[in-house]
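Q: Residue numbers (mature numbering (1 follows the signal peptide of the UniProt record, and there is no 0)): -26 to -1, 1 to 390.
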Amino acid sequence: MRRMRVVACAAAVVIALGLSSCTSEEMVLPTSSPLPSPPPASGDGVLRIGTLFATSGDAAYLSPAQVAGVELAVREVNEAGGVLGKPVEVFHRNSGEAATQQAEESFAQLVEKGVDVVIGPSSSVLAERILPLAIEAQVLLVSPAASAPVLTGLADEGLLARTAPSAALMGGVLADAIVADGATDVAVIVGADDSSSAVAETFTAALAAAEGSVVAQEQLGDAAAVVDAVAAAKPDAVLLASGFEAMEQNVAIITALTDAGLGGSKVWLAGGALADYSQALPGGVLEGARGVLEGAEANEAFAARLAAMDPAPNDTRYAAEAYDATILAALAATVAGDDGGPLLAYMLPGVSGDGIKCMSFGECLDVLKTQDDIDYDGVSGPIALDRAGDPTSAHYGVYAYDAANRFAWTGQLTAD
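(1) Reducing DSSP to helix, strand and coil, say where Ser80 ends up.
(2) Within this structure, are the beta carbons of Leu213 and Val162 separated by less than 7 Å?
(3) For Val201, does the three-state DSSP call read helix, strand or coil?
(4) Ordered along the chain, which non-local residues of its own chain (more than five positions away) have a Cβ less than 6 Å from that of Ala294?
(5) Using only the heavy atoms of the ligand SAM, determine whether one of them is closer than 6 Å to the beta carbon of Gln76.
(6) Let me make sure I understand the geometry here. Which of Pro38, Gly132, Glu45, Thr25 has the alpha-carbon closest to that of Glu79?
(7) Between Gly217 and the rest of its own chain, which residues show a CB-CB distance below 7 Å, the 5 nearest in sequence each way excluded?
(8) Which same chain residues end up closer than 8 Å to Ala226 when comparing Cβ atoms and leaving out the 5 residues on each side of it in sequence?
(9) For Asn288, count neighbouring Cβ atoms within 10 angstroms of its own Cβ and tell me buried if that reaches 16, exposed if not.
(10) Taking the alpha-carbon of Leu248 as reference, which of Gly265, Gly258, Val259, Gly257 has the nearest alpha-carbon?
(11) Can you check which of these residues, Phe81, Ser97, Val309, Gly17, is closest to Tyr292 by C-alpha distance?
(12) Please report the straight-line C-alpha distance between Cys338 and Ala230, rounded to a whole angstrom.
(13) In terms of alpha-carbon separation, which member of Asp150, Met283, Ala108, Val200 lies closest to Ala182?
(14) Can you give me the start and stop residues for the alpha helix (DSSP H) that Arg49 sits inside?
(15) If you draw a straight line from the C-alpha of residue 392 to the C-alpha of Ala275, how long is it?
(16) Below 8 Å CB to CB, which residues in the same chain sit around Trp383 once its five sequence neighbours on both sides are set aside?
(17) Let's test the definition: count the other Cβ atoms within 10 Å of the Cβ of Ala130 and tell me whether it reaches 16, buried, or not, exposed.
(18) Is it right to say Gly31 is buried, meaning 16 or more other beta carbons lie within 10 angstroms of its own, or is it exposed?
(19) Answer yes or no: do Ala54 and Gly257 have a C-beta to C-beta separation smaller than 7 Å?
(20) Taking 7 Å as the limit between beta carbons, can you name the residues of its chain near Gly17, skipping five residues before and five after?
Take a look at the structure:
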């Protein structure tokens, strides 16, 4: 059963979930799968971390926060004594865009550096593309932002994990939030990427369960034609779910929605459609619009530590997830007594759940002095990775746009 918790600045939404009726058929209990045996140690005693974030292309504006998150984590780990008695080393490379081979070239450079784990890529497409190379090199990939549901079922030898949730979970919390706002007839405009399609699919099902309906669903395309079809359905609200790479199309769609009287507070943006439009749209166009994006809002203490980095990122999205991915890798190596990628991957679920809770690398080290089991709850919230490398709870920020077409955090949604 999906549960949602809402923490907001001015209000909280309480949603009652019904229990389905039981049948008289005999219940068949599933048998639990045995825990796989740990792989052998394969490291050299030095934890080396690489990053693959886009420093060029449409998603480059997200990179500074993620790099800062990793750098901050490495600095704090090393200040606490490092891993296996030695300082953690970190190397940064550009993942580029999916239309290029930059990610493959950069990954090869990181392998030459001897990295054990790569934080990234942020793109689901690139994560899937790099995975065979990671398996060949026996390097763990931990993405702080890749959300495509397809990543869960890949044959990855356990070497792919993420600290951002699957996009399949976003649709449900979006439906709850939009219905709580008073809308029941919703039009959906969806991008061609897998993550956006997953959001639309689960949103439609969850909206129906909440006694609402999707009155129109259009693929992102010619803005005039798409918005004409949407306007004809007379929706109470419009959800635009698209990827980071669709910025130009998003601007055209938002402009056309505004011209059709469906802008402002009627607009909800999801995923990559939630962006800073202060330079792309006239002032006031998005005022009152809302959006939902995976990831937790950085708390004040973490935000202050990020702000002290040089350079300090202007946009902190995915910084917390990148930081937590790095801390988890360091804790996995510490508990394993080895820095090899396969053993790090094996240890991730254990250090992220079902143990004594600890909130920082140093605090977790203190727990390990007397206990064998730790549960790192990071700055992005409780993580608890499963054996597929996915978080078992999902955290989403709710944002509202001001007259300058910039968004600000107003609340949090959690699905688990």
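We put the CB at the ideal spot given by N, CA and C, even for glycine.
It should be emphasised that the depicted structure is a prediction, and the values quoted were computed from it without experimental measurement.
A: So, to answer that:
(1) helix
(2) yes
(3) helix
(4) Within the same chain, Ala294 has close Cβ partners Ala270, Ala272, Val353, Ser354.
(5) Among the components modelled here there is no ligand, and therefore nothing to report on the ligand SAM.
(6) Thr25
(7) Gly165, Asp167, Ser169, Ser170, Gly245, Gly246
(8) Ala197
(9) exposed
(10) Gly265
(11) Ser97
(12) 51 Å
(13) Of Asp150, Met283, Ala108, Val200, the residue nearest in Cα terms is Asp150.
(14) 37 to 53
(15) The question about residue 392 has no answer here: the residues shown for the chain are numbered -26 through 390.
(16) Glu271, Gly371, Val372, Tyr373
(17) Per the sequence shown, residue 130 should be read as Asp rather than Ala. The residue in question, Asp130, is buried, as its Cβ has 16 or more Cβ neighbours within 10 Å.
(18) buried
(19) No. Outside cutoff.
(20) Asp90, Asp312, Asp313, Gly314
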